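Student: To convert, note that position 309 of the sequence shown is 308 in numbering that gives the first Met the number 0; the numbers rise steadily by one, no gaps.
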Amino acid sequence: MENRWVSADSIRERFSQAMSAMYQQEVPQYGTLLRLVAEVNQQVLQADPPLAQRLTEADELARLSVERHGAIRVGTAAELSMLRQLFAIMGMYPVGYYDLSQAGVPVHSTAFRPIDDAALRRNPFRLFTSLLRLELIEDQALRQQASEILAARDIFTARCRQLVALHQQQGGFDAQQAAEFVEQVLETFRWHQQTTVDSATYQALSDQHRLIADVVCFPGCHINHLTPRTLDIDRVQTLMPQHGITPKAIIEGPPRRAVPILLRQTSFKALNEPVRFRDSHQGTHTARFGEIEQRGVALTHKGRELYDRLLAQAGSGSDNQQHQQHLSDVFSDFPDDEASLRQQQLAWFEYRRTPAGENQQITPASDIESLLTQGLLKADPIIYEDFLPVSAAGIFQSNLGSESKARSQGQASRQQFEQALGAQVYDEIELYAQRERSSKLRCGLL
Ligand code: OOG
Ligand code: NI
């Protein structure tokens, strides 16, 4: 019965390919960035045969330059909850709660992503999804107007809604339905030059915050960036200008390290794109960009606290080279070898028996460190699959123009977000902890 249906993994894979193709057409500069990333990845692999070997063994090479993530922004609870149902069909679930109001960005967010190992290996595509917090618009009348504009739109096609309902009834899609579903879902994320408002309304919303205009004034929730994975983010940042791409000032996240942690990101600045208003005025809108990311090991609560503390201590800068040097100095307090990260429980690892360890007796009483030194056990870093609120705020801000002022600080409201979503978000640290725990169980260590 079950294999009548196309798997969620394969629908997600098709969806991410369709999004990439659409976005390259819409934003040609993104295609240039993809080619640059592929080129740099190739050079890194050539210069570092052991890395190439490791990636080949982990079956990573083929997927190296496929997109890791994208981002969208929605305006209402109903839109968010529909997205949740639609992404579930692709095996993407809400993980994590990010409060960006602290950084003056009037949204809170989650990431829809695959959660189990096999799904992440097959295709890791995820979408950082933000919900606008209209309550942070200070002007009452404008707030009311924005919510009426949002209430009047449907960002999903009628057929998309039918297909989601069908999937919920029958428990899956056949091949034809899956293909049609991807096609219909794509419509929600397409760019529209035609706004749904007149130029005065656009201007008023944009004056509150450019992000508010971006969410409220269009008939859909256009994908605002996609992000491939690079093996050397510093190099791509340096090379971007030679390819006619203007990078944001600094690379977000931790510094370059021997053992990469969490996530480093940079992007190119959003383009000024022509738009038409309902009063037939023309204008421009600045929202869409391209980004790259480099991921490292996921941190435990303890490791994350240390990261947050050092990051706050380092502060921000405007010159990337200086900032990276300063970050490296400050982060010298963060152990930078796998053994220390493991022994001090700063990061998560997946344990496996080596061929030599296969028939050895391993029990909960065994000493992990000595099994590792005897070569009976191996510990592989678990890669961080989520996002960083400070980095995300930096990405948002670099695309909202430097004039964007700090906003009244909203309170984090996870509960309100979950109510809008219609479900609880998964706790990302718990997911990493479970992976480590089950690997230890398989080894006999628990
Ligand atoms: C999302 C920005 C956050 C990231 O990679 O941290 C993000 C947005 O601009 O909508 O994508
Ligand atoms: Ni991003």
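All C-beta atoms, glycine included, are put in the ideal place defined by N, C-alpha and C. Quick caveat, the model's predicted, so the values are computed rather than measured.
1) Using only alpha-carbon positions, find the residue among I244, M21, L35, D307 that is nearest to D446.
2) Indicate whether R461 and G219 have their beta-carbon atoms separated by less than 8 angstroms.
3) In the DSSP output, which residue or residues are listed as bridge partners for D379?
4) Do E384 and R112 count as a contact pair if the criterion is CB distance below 8 angstroms?
5) Leaving out the 5 sequence neighbours to the left and right, which residues in its chain are closer than 8 angstroms to H221 when beta-carbon positions are compared?
6) Could you compute how far the alpha carbon of A422 sits from the alpha carbon of A140?
7) Please confirm whether any heavy atom of the ligand OOG lies closer than 7 angstroms to the CB of I222.
8) How would you write the range of the alpha helix (DSSP H) that Q180 sits in, first residue to last?
9) Please classify E427 as buried or exposed, where buried requires at least 16 neighbouring CB atoms within 10 angstroms.
10) Could you have a look at P27 and say whether DSSP puts it in helix, strand or coil?
11) Measuring only the C-alpha atoms, how far is R352 from A57?
12) Report yes if the C-beta distance between H224 and P105 is below 8 angstroms; otherwise report no.
13) Going by C-alpha to C-alpha distance, which of T245, P354, N319, S412 sits closest to Y96?
14) Smallest Cα separation from A446: which of K301, G443, S80, D328?
15) Give a single yes or no on whether A110 has its beta carbon closer than 7 angstroms to a heavy atom of the ligand NI.
16) Any heavy atom of the ligand NI within a distance shorter than 7 angstroms of the CB on A392?
17) Please confirm whether L210 and A391 have their CB atoms less than 8 angstroms apart.
18) Tell me the residue span of the beta strand (DSSP E) that contains G282.
19) Quick test of the definition: if touching needs 3 or more C-beta pairs under 8 angstroms, does the region 251-271 touch the region 335-344?
20) Is it the case that the Cβ atoms of Q183 and L162 are separated by a distance below 8 angstroms?
21) Got a sec? Which residues, its chain only, sit under 7 angstroms from G74 by beta carbon, not counting five neighbours each side?
22) Is the Cβ-Cβ distance between G448 and W4 less than 8 angstroms?
23) Which term fits Q264, buried or exposed, when burial requires 16 or more other beta carbons within 10 angstroms of its beta carbon?
24) Since V65 sits in a beta bridge, which residues does DSSP pair it with?
25) Would you call the region 276-283 and the region 359-378 touching, i.e. three or more CB-CB distances under 8 angstroms?
26) Closer than 7 angstroms: is that where the CB of E147 sits relative to any heavy atom of the ligand GDP?
27) Please work out which residues of its chain come closer than 6 angstroms, Cβ to Cβ, to Q84, disregarding the five sequence neighbours upstream and downstream, and give them in chain order.
28) Helix, strand or coil for R160, going by three-state DSSP, please let me know.
29) Exposed or buried, which one is S401 when buried takes at least 16 other CB atoms within 10 Å?
30) For Y29, I'd like the list of residues in its chain whose CB is within less than 7 angstroms of its CB, leaving aside the five on either flank, ordered along the chain.
31) Let me know if A110 comes out buried or exposed under the rule of 16 or more other beta-carbons within 10 Å of its beta-carbon.
32) What does the Cβ neighbour count give for N2, buried or exposed, with the cut at 16 atoms within 10 Å?
33) Would G316 and I394 be called neighbours here (beta carbons separated by less than 8 angstroms)?
34) Given this structure, state the Cα-to-Cα distance separating L262 from A311, to the nearest angstrom.
35) Can you tell me whether Q293 is buried or exposed? The criterion is at least 16 other CB atoms within 10 Å of its CB, across all chains shown.
36) Does the distance from the C-beta atom of F330 to that of P253 stay below 8 angstroms?
Tutor: With the given structure in hand:
1) Nothing can be reported for residue 446: it is not among the residues displayed for the chain, which extend from 0 to 445.
2) Look at the range of the chain in this structure, 0 to 445, and you will see that residue 461 is not part of it.
3) E349
4) Yes; because the gap between Cβ atoms is below 8 angstroms, this pair is in contact.
5) I71, F188, R189, W190, H191, A286, R287
6) Their Cα atoms are separated by approximately 31 angstroms.
7) no
8) It is Phe, not Gln, that sits at residue 180 in the sequence shown. Per DSSP, F180 belongs to the alpha helix (DSSP H) from 174-187.
9) buried
10) helix
11) 16 angstroms
12) no
13) Minimum Cα distance to Y96 is reached at S412.
14) Summary: the structure shown does not reach residue 446, with the chain confined to residues 0 through 445, and so no result is reported for it.
15) no
16) no
17) no
18) 281-285
19) yes
20) yes
21) L131, L149, V214, V215
22) With the chain covering 0 to 445 only, the question about residue 448 has no answer from this structure.
23) buried
24) The partner list for V65 (beta bridge, DSSP) is empty, contrary to what the question assumes.
25) no
26) The model on display carries the ligand OOG and the ligand NI but not the ligand GDP.
27) V163
28) helix
29) Below a pLDDT of 50, predicted positions are generally treated as unreliable, and S401, at 46, falls in that range; the measurement from the model is reported next regardless. Answer is exposed; the Cβ neighbour count stays below 16.
30) Y22, Q23, L225, G289
31) buried
32) exposed
33) No. Outside cutoff.
34) Their backbone Cα atoms lie some 16 angstroms apart in a straight line.
35) Classification for Q293: buried.
36) yes
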